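Down below is the structure, laid out as structure tokens.
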Amino acid sequence: AVPPVGDGDSSIVTYRPYFSQAVAGGLGQYYALGTQSGDRGFFYASPVRDNFRIAGVVAVKFAVDQFEATWREGRAEIIVRDANDIVFMSSRPDWNFRAMSPLTDNQMALIAAANQFPVDQLLPLPNQSRSLNEKYSVIEIEDDGKTQSYVSSTSLIARAGWRVTILTPTGDAFALARTTAISIVLFLSLAALLAFVLLQRRMRQAERLAAQAAAQELLERRVRERTAELNLANTQLLGEIEERKAAEDRLRKTQTELIQAGKLAALGQMSAAVSHELNQPLAAVKAYAENAVTFMHRGRSDEAEGNVRQISSLADRMSAIAKHLRNFARRPQEKVKPVSLLGVVDDALALMQPRITGADAKVRYERPDAEISVIGGQVRLQHVIVNLISNAVDAMADQEDKQIDIQIQQDSDQVSLIVHDQGPGLDDEVMKLLFDPFFTTKDPGKGLGLGLSISYNIVRDFGGNLSAANHDEGGAVFVVTLKLAEPSSAKEAAE
Ligand code: ADP
């Protein structure tokens, strides 16, 4: 009652299992040769129900030839075997319907009964297999008298009871293994090279670091050495400074001694003039005193009183001379401070007056009206001026007209005292040695050669300067330059 399906061969329809399964209400599937076409195919069958009755069967055949043809393109062989180990699909058409394992009579009878494969075509495909691991084995297949070796990998399609095997010729597998091995070797070589390069680089870096550390160490050592040298030099310098200070102190002391010596020498020079200056008022005092006595005897008290007054005034004059001498001879204990320049010049002139008069010289002094305060020491500055006037008097000893010009010139921050004589001036030789200690052109006993050297140092101590030159109109010019102090403090100093 059921029409033939698929291959249209009604005589065998009843015993094809897929059909029987569908008729029984199940889903049928089967692999076999088409009973009429002789083509291999998959047969799927499903029942067609009319209410609860099975009215027919729908069967579909899937022809494997075209599908199989695509397998032939690869180098590997693919075979599909059924539960009886019979190859029914393959990339090699000559392997189809060949048994990989020997078939028992029972198996043969079942195949023949189901008309699954033509039993007379079921030839064996001799092979030997040995397993490599769980997944792979090596299989040698004998075909046309030749044995070919393959690496085989088999998967089971459990539902159908089939096994799909991929056979890669061992030559390829070995080639692959070789390629892989070469790749691995290459990779390892590359890795080794990379490691070598990295190592080299690291070593170079380490060397560089070591070199840097060495350079740094060297630098630090040099810095330490240099610092030590500098410290030593510093200590030496400090020592030298101490020595210099001590030498300076000694020099200052010596200078003070020399000033004193110079002053005493000047005093010696002045003593004749001074004694003359004192003798004159003394003689006058004597005369006035004797006359006063006579006037008193005669009862002429007014005239006697006049004489006594004269005596008193002469005594004042003598006392002034003595005071100047005492001031001059005294050792200076003074510090540098604002002093009245005009006062000091006045004192110096008063002190020198006897010598000037004795030498028959004249002083032309343009005394400024306003007070001038300079930085210095009163006694020492007076010594400088006395010395310059004294030298001027000495220089003009042999000439008729003896004139000394004293001028004061004031600038913004300094003041110059100029002493100009009419003497022979300074020749080149003298000019060079003028300020040297113990340089003198004077006869022994008349000059020590210390005056200008001491004066120079005194003025330098005041922050000023002492210079000498020849005047255009003849004679020597000595210029003492001093720093100006505040006018207000100068007034205090004058007071
Ligand atoms: P001294 O007066 O004891 O010789 P100084 O140091 O005062 O020592 O002077 C040194 C020398 O400088 C003098 O011997 C003299 O030759 C020279 N001299 C100083 N002042 C004058 C001057 N106004 N004119 C010419 N020569 C001078």
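To convert, note that position 145 of the sequence shown is 148 in the working numbering; the numbers rise steadily by one, no gaps.
Each residue gets a CB set at the ideal place from its N, CA and C atoms; glycine is no exception.
Note that this is a predicted model, so its numbers are computed, not measured.
Residue i Cβ short of 7 Å to the ligand ADP heavy atom set
{"i": "Lys405", "result": "no"}
{"i": "Lys365", "result": "no"}
{"i": "Pro427", "result": "yes"}
{"i": "Ser304", "result": "no"}
{"i": "Ala3", "result": "Because the chain is modelled from 4 through 498, residue 3 falls outside the range shown and cannot be assessed."}
{"i": "Ala290", "result": "no"}
{"i": "Ala264", "result": "no"}
{"i": "Thr444", "result": "yes"}
{"i": "Asp401", "result": "no"}
{"i": "Leu453", "result": "yes"}
{"i": "Asp424", "result": "yes"}
{"i": "Asn3", "result": "In the structure displayed, the chain extends from 4 to 498; residue 3 sits before or after that span and is not available."}
{"i": "Asn394", "result": "yes"}
{"i": "Val342", "result": "no"}
{"i": "Val433", "result": "yes"}
{"i": "Asn390", "result": "yes"}
{"i": "Ala398", "result": "yes"}
{"i": "Ser470", "result": "no"}
{"i": "Leu420", "result": "no"}
{"i": "Leu261", "result": "no"}
{"i": "Ser524", "result": "The chain is shown from 4 up to 498; residue 524 falls before or after that span and cannot be answered."}
{"i": "Ser456", "result": "yes"}
{"i": "Leu384", "result": "no"}
{"i": "Gly450", "result": "yes"}
Which of helix, strand or coil DSSP assigns to residue i
{"i": "Arg358", "result": "helix"}
{"i": "Gly59", "result": "strand"}
{"i": "Asp446", "result": "coil"}
{"i": "Ile114", "result": "helix"}
{"i": "Leu420", "result": "strand"}
{"i": "Ile411", "result": "strand"}
{"i": "Met321", "result": "helix"}
{"i": "Gly302", "result": "coil"}
{"i": "Asp146", "result": "strand"}
{"i": "Gln119", "result": "coil"}
{"i": "Asp426", "result": "Before going on, a small fix: residue 426 reads as Gly here, not Asp. If DSSP states are grouped into helix, strand and coil, Gly426 belongs with coil."}
{"i": "Gln203", "result": "helix"}
{"i": "Ala292", "result": "helix"}
{"i": "Ala178", "result": "helix"}
{"i": "Arg133", "result": "strand"}
{"i": "Met434", "result": "helix"}
{"i": "Thr457", "result": "Here residue 457 turns out to be Ile, not Thr, going by the sequence shown. Helix at Ile457."}
{"i": "Leu191", "result": "helix"}
{"i": "Phe502", "result": "In the structure as shown, the chain begins at 4 and stops at 498. Residue 502 is therefore absent and cannot be evaluated."}
Counted within 10 angstroms of its Cβ, other Cβ atoms place residue i as buried (16 or more) or exposed
{"i": "Leu499", "result": "Lying outside 4 to 498, the shown extent of the chain, residue 499 is not represented and no answer is given."}
{"i": "Ala4", "result": "Caution is warranted here: a pLDDT of 30 is assigned to Ala4, below 50, making its placement in the model unreliable, and the coordinate value is therefore given only provisionally. The residue in question, Ala4, is exposed, as its Cβ has fewer than 16 Cβ neighbours within 10 Å."}
{"i": "Met103", "result": "buried"}
{"i": "Phe22", "result": "buried"}
{"i": "Asn91", "result": "A quick correction: the sequence has Phe, not Asn, at residue 91. That one is buried."}
{"i": "Pro357", "result": "buried"}
{"i": "His300", "result": "exposed"}
{"i": "Ala400", "result": "exposed"}
{"i": "Pro440", "result": "buried"}
{"i": "Ile187", "result": "exposed"}
{"i": "Gln239", "result": "exposed"}
{"i": "Asn109", "result": "exposed"}
{"i": "Leu345", "result": "buried"}
{"i": "Ser93", "result": "buried"}
{"i": "Leu221", "result": "exposed"}
{"i": "Thr73", "result": "exposed"}
{"i": "Val377", "result": "buried"}
Residue(s) in a DSSP beta bridge with residue i
{"i": "Ser470", "result": "Val482"}
{"i": "Trp165", "result": "Ile160"}
{"i": "Lys64", "result": "Phe46"}
{"i": "Ile505", "result": "Limits of the chain in this structure are 4 at one end and 498 at the other, which puts residue 505 out of reach."}
{"i": "Ala35", "result": "Gly44"}
{"i": "Asp53", "result": "Arg56"}
{"i": "Ala72", "result": "None, per the DSSP bridge assignment."}
{"i": "Pro172", "result": "Tyr153"}
Presumed contact (8 Å Cβ cut-off) between residue i and residue j, rounded CB distance
{"i": "Asp416", "j": "Lys486", "result": "7 Å"}
{"i": "Gly31", "j": "Tyr47", "result": "7 Å"}
{"i": "Val387", "j": "Ile314", "result": "Their Cβ separation, rounded to whole angstroms, is 36 Å, which puts Val387 and Ile314 out of contact at 8 Å."}
{"i": "Thr171", "j": "Val154", "result": "5 Å"}
{"i": "Val568", "j": "Gln283", "result": "This structure cannot settle anything about residue 568, because the visible part of the chain is limited to 4 through 498."}
{"i": "Phe120", "j": "Ile89", "result": "7 Å"}
{"i": "Val422", "j": "Leu391", "result": "4 Å"}
{"i": "Gly426", "j": "Ala395", "result": "7 Å"}
{"i": "Ser156", "j": "Ile142", "result": "Not a contact, Cβ separation roughly 10 Å."}
{"i": "Asp97", "j": "Asp68", "result": "No, Asp97 and Asp68 are not in contact; Cβ-Cβ is about 14 Å, not under 8 Å."}
{"i": "Arg101", "j": "Leu128", "result": "4 Å"}
Short CB-CB distance (under 8 Å) between residue i and chain D
{"i": "Ile411", "result": "No chain D is part of this structure, which consists of one protein chain only."}
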